[in-house]
């Protein structure tokens, strides 16, 4: 939830509450054309996903190890903190 609030401050309502275009920004209902869970590789934490051949998130191989924030989302979090790197 904190990530969502931070991303809203950075990217606005449609970027944050739209979950990268996977949900309706008003109702938060997942769109029928939302992407399916990737069968392998990284799983972006922002979009809502449709089930793939394995099913929902509970049936994905190494689900928790594969979850990542995209580079844009990560850099926006760093930018919002106003960190001074030396």
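In the numbering used here, the protein residues as written are 18 to 103.
Yeah, the Cβ is synthetic: ideal placement off N, Cα and C, and Gly gets one too.
Owing to the predicted nature of the structure, the values given are computational and were not obtained by experimental measurement.
For residue i, I'd like the list of residues in its chain whose CB is within less than 8 angstroms of its CB, leaving aside the five on either flank, ordered along the chain.
| i | result |
| --- | --- |
| residue 86 | 20, 61, 62, 63, 94 |
Across which residues does DSSP place residue i in a beta bridge pair?
| i | result |
| --- | --- |
| residue 47 | 40 |
| residue 61 | 85 |
Using CA coordinates, which residue listed in the options is at the minimum distance from residue i?
| i | options | result |
| --- | --- | --- |
| residue 46 | 66, 83, 56 | 66 |
| residue 70 | 97, 55, 80, 39 | 55 |
| residue 74 | 57, 89, 88 | 57 |
Report yes if the CB atom of residue i is closer than 7 angstroms to the CB atom of residue j, and no otherwise.
| i | j | result |
| --- | --- | --- |
| residue 44 | residue 35 | no |
Leaving out five residues on either side along the sequence, give the residues of the same chain with a beta carbon under 6 angstroms from the beta carbon of residue i.
| i | result |
| --- | --- |
| residue 83 | 59, 60 |
Counting only the same chain and skipping the five closest in sequence on each side, list residues whose C-beta sits under 7 angstroms from that of residue i.
| i | result |
| --- | --- |
| residue 48 | 39, 40, 41 |
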